[in-house]
Amino acid sequence: MMVKPPLKALEKRVDSKYTLVTLAAKRARELTDGEECLATDIHNTDKPVSLAFYEIAEGEVTYKRTKEGIK
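Printed below as a string of structure tokens:
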């Protein structure tokens, strides 16, 4: 099974797989709540988590680590 976007592309954008999951979950929630998708190459998907991963891979979504967690 081929994962798109590739895991290597996603890992380059974050410091750990746990950060990746948290970031994707938070962004997926925003997409579900009506935010516009920022990704350009989405491979015919409308699932919020998949769209969030595409946005992260394209560098459209970033994070800032704070004492309280990820912002």
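Residue numbers (the working numbering): 4 to 74. We put the CB at the ideal spot given by N, CA and C, even for glycine.
Straight-line spacing of the CA atoms in residue 74 and residue 38 works out to 16 angstroms.
By the Cβ neighbour-count rule, residue 53 is buried, with 16 or more other Cβ atoms within 10 Å of its own. With a beta-carbon spacing of about 4 angstroms, residue 51 and residue 31 fall inside the 8 angstroms limit used to define contacts.
Using a 10 angstroms sphere on the CB of residue 24, the tally of other CB atoms stays under 16, which defines it as exposed. Cβ-Cβ distances below 6 angstroms link residue 55 to 27, 30 and 31 in the same chain, with the five nearest sequence neighbours on each side left out; the list follows chain order. Secondary-structure assignment with DSSP links residue 62 through no beta bridge to anything.
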